[in-house]
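**Q** The structure that follows is given in the form of structure tokens.
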Amino acid sequence: MTEIPALPTVWRPRTTRVVAYATAGVIMLGMIVLAVVVAPQFKLFDRVLIVLSGAFIAWILHMLARCRVVADETGLTVVNAFRTRRLEWAEVLDADMAVGEPWPTLDLADGTSVGAMGINGTEKDLSARQLAELKSLLRERGEASDPS
């Protein structure tokens, strides 16, 4: 059985963050170099747009790299690329990640589900450990106590 992690705890992918931020840095550096060395027919406005397009791509990569799942005493905060949801422990019924899925799905009490992009399925061992920790917290905190 998986040990229940101490709260607060944060689960986030490692490889995704490294790749996203490294790629963002390379793109920004490339766009700045391109803006400086492009042919003379490009005016200042064109050069600024080149750098801004690189900044936009870097922003999107940052949004993907910021994904995480935070567990604290009152519930879960699921930070996905473009949306953050705060969930109480009682709202989350289960977490499941089938083989080949990119991230786990949290089944909610209202019948809907939400993806938890902060646990990345491509990092096999890490994601399995993180999912097991999340499930153990859900068992401990999400279920009502036994009345007997």
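With the numbering used here applied, the sequence shown covers 340 to 487.
Virtual Cβ for every residue (Gly too), placed ideally from N, Cα, C.
Being a predicted model, the structure only gives us computed values, none of them experimental.
#1: From residue 372 to residue 462, what distance separates their C-alpha atoms?
#2: Starting from the Cα of residue 413, find the closest Cα among 419, 426, 404 and 401 and give me that residue.
#3: Taking the alpha-carbon positions, what's the residue 472 to residue 363 distance?
#4: Would you decide whether residue 443 is buried or exposed? Buried here means 16 or more other CB atoms lie within 10 Å of its CB.
#5: Out of 419, 454, 409 and 468, state which residue places its alpha-carbon closest to the alpha-carbon of residue 401.
#6: So, helix, strand or coil for residue 359, using DSSP?
#7: Residue 481 and residue 403: beta carbons closer than 8 angstroms?
#8: With distances taken from CA atoms, which of 434, 467 and 459 is nearest residue 477?
#9: Could you compute how far the alpha carbon of residue 458 sits from the alpha carbon of residue 397?
#10: Can you tell me whether residue 312 is helix, strand or coil according to DSSP?
#11: Under the assumption that residue 389 contacts residue 374 (Cβ atoms under 8 angstroms), give the Cβ distance between them as a whole number of angstroms.
**A** According to the structure data:
#1: Their Cα atoms are separated by approximately 34 angstroms.
#2: Here the closest residue by C-alpha is 426.
#3: Looking at the two C-alpha atoms, the distance is approximately 31 angstroms.
#4: Flag for residue 443 reads buried.
#5: Measuring from the Cα of residue 401, the nearest candidate turns out to be 419.
#6: Of the three classes helix, strand and coil, the one that applies to residue 359 here is helix, per DSSP.
#7: For residue 481 and residue 403, no; Cβs fall outside 8 angstroms.
#8: The shortest C-alpha to C-alpha distance from residue 477 to any of 434, 467 and 459 is the one to 434.
#9: Roughly 22 angstroms between the two C-alpha positions.
#10: Nothing can be reported for residue 312, as the shown portion of the chain is limited to 340 through 487.
#11: About 4 angstroms separates the CB atoms of residue 389 and residue 374; that is less than 8 angstroms, so the two are in contact.
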